[in-house]
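Before any comments, here is the structure.
In the working numbering, the protein residues as written are 6 to 149.
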């Protein structure tokens, strides 16, 4: 969508900035991240055109994982490509995460996993009433 807007807007500067920062391998150092995002978010979901793929839980899981990875790469492309090329060419540099960036990432993953596991513990997937109905102790007159 971003590429289409840059092209359709007929603004040569915007299209040039987009092409030079994301698409062209000879000028964009993060071209691989952009094309990984496009592949994961556009190509993988095309598998759902086939009925067999739509009905296979394994394929659905793989496509969902690919789209999740693609959405992560979308955020990566938005943030990193805007940080690595400033207005002045002397400020252009590759992005390398600092220990603060790494700790923020690890901490956010840890908080998410902790909250997710607490959610699973206190709000189980199966309702207890449904589990109690199918247990043998549920019908007291069965053995008489």
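Glycine is no exception: its CB is placed at the ideal position from the N, C-alpha and C atoms.
Because the structure is a prediction, the values reported are computed rather than measured.
Query raised in the report: Would the segment 26 to 45 and the segment 78 to 98 be scored as touching if the rule is three or more Cβ pairs under 8 Å?
Result: yes
**Report entry** Reduced DSSP category for residue 29 - H, G, I as helix; E, B as strand; rest coil
**Finding:** coil
Query raised in the report: Where does the unbroken alpha helix (DSSP H) through residue 42 begin, and where does it stop?
Result: Segment 36 to 43, the alpha helix (DSSP H) holding residue 42.
Query raised in the report: Since residue 83 contacts residue 45 with CB under 8 Å, what's their CB separation in whole angstroms?
Result: No, residue 83 and residue 45 are not in contact; Cβ-Cβ is about 15 Å, not under 8 Å.
Requested in this report: Check residue 16 in the structure and name its three-state DSSP category.
Outcome: coil
Requested in this report: Can you grab the Cα-Cα spacing for the pair residue 133 / residue 62, in whole Å?
Outcome: Taking the straight line joining both Cα atoms gives about 26 Å.
Query raised in the report: Do you know how far the Cα of residue 124 is from the Cα of residue 9?
Result: In this structure, the straight-line span from the alpha carbon of residue 9 to that of residue 124 is close to 41 Å.
Requested in this report: Figure out for me which residue from 111, 96 and 95 has the closest Cα to the Cα of residue 102.
Outcome: That would be 111, whose Cα lies nearest to the Cα of residue 102.
**Report entry** residue 120 versus residue 95 - alpha carbon distance
**Finding:** 43 Å
Query raised in the report: By the 10 Å Cβ neighbour count, where 16 or more other Cβ atoms means buried, how is residue 33 classified, buried or exposed?
Result: buried
Query raised in the report: Assuming residue 72 and residue 49 make a contact with CB atoms under 8 Å, what is their CB distance in whole Å?
Result: 7 Å
Query raised in the report: Which stretch, first to last residue, makes up the alpha helix (DSSP H) that contains residue 112?
Result: 104 to 127
Query raised in the report: Mapping DSSP to helix, strand and coil, what is residue 60?
Result: In the three-state reduction of the DSSP assignment, residue 60 falls in the coil class.
Query raised in the report: If you run the structure through DSSP and keep just helix, strand and coil, what is residue 24?
Result: helix
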